[in-house]
Amino acid sequence: MKNERVYKMAFSKVYPLLVNKAERKGRTKEEVDTIICWLTGYDQGSLEEQLEKDVDYETFFGEAPEMNPNAEKITGVVCGVRVENIEEPLMQKVRWLDKLVDELAKGKAMEKILRS
Numbered sequence: 070m071k072n073e074r075v076y077k078m079a080f081s082k083v084y085p086l087l088v089n090k091a092e093r094k095g096r097t098k099e100e101v102d103t104i105i106c107w108l109t110g111y112d113q114g115s116l117e118e119q120l121e122k123d124v125d126y127e128t129f130f131g132e133a134p135e136m137n138p139n140a141e142k143i144t145g146v147v148c149g150v151r152v153e154n155i156e157e158p159l160m161q162k163v164r165w166l167d168k169l170v171d172e173l174a175k176g177k178a179m180e181k182i183l184r185s
């Protein structure tokens with residue numbers, strides 16, 4: 070049930086937090102957008118539309134054009150949980166995004182973050 074609260078959070082409210090996390094560490098909003106677009110298949114215009122529509126996490130990921138097939142390569146720990154072991158698909162997508170932004174904030178190179 071507690072996951073339901075996360076799923077109903079407005080992505081437009083979480084997005085600035087992701088950007089702030091990156092910017093505090095010297096990274097940019099553009100890099101965060103690149104990560105989001107890589108993961109979800111949104112382009113810049115459709116990402117901005119989702120933010121303007123004030124959709125929740127569930128809708129944001131549900132309407133994503135195509136999750137990147139390399140997302141399966143995202144591993145590691147977010148909030149004490151290994152992202153590769155999360156069984157609930159939507160929560161795994163949420164945590165994948167958290168993990169990628171964490172990697173950005175930690176100074177990892179974009180080509181490594183994007184699993185190229």
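Counting from 1, position 74 in the sequence shown corresponds to residue 143 in the working numbering; the numbering is continuous, with no gaps. Don't be surprised by glycine CBs; every beta carbon is placed ideally from N, CA and C.
8 Å CB neighbourhood of E100 in its chain, flanking five on each side removed: Your numbering for residue 100 matches position 31 in the sequence shown. These residues qualify, in order along the chain: A91, L173 and M179.
Confirm, please, whether the CB-CB distance from L159 to L108 is below 8 Å. One-based indexing of the sequence shown puts residue 108 at position 39. One-based indexing of the sequence shown puts residue 159 at position 90. Contact: no.
Can you name, in chain order, every residue of its own chain whose Cβ lies under 8 Å from the Cβ of Y111, other than the five neighbours on each side? The residue given as residue 111 occupies position 42 in the sequence shown. Within its own chain, the residues whose Cβ lies closer than 8 Å to the Cβ of Y111, once the five positions on either side in sequence are excluded, are I105, Q119, A133 and P134, listed in chain order.
So which of K94, F80 and D171 has the shortest CA-CA distance to E46? The chain is shown only over 70 to 185; residue 46 falls outside these bounds and no answer can be derived.
For E127 and Y76, which I take to be in contact (beta-carbon distance under 8 Å), what is that distance rounded to the nearest angstrom? Within the sequence shown, the letter at position 58 stands for residue 127. Within the sequence shown, the letter at position 7 stands for residue 76. Right, their Cβ atoms sit about 4 Å apart.
In whole angstroms, give me the CA-to-CA distance for N139 and R151. Taking the first residue of the sequence shown as position 1, residue 139 is located at position 70. Taking the first residue of the sequence shown as position 1, residue 151 is located at position 82. Each residue's alpha carbon lies about 17 Å from the other.
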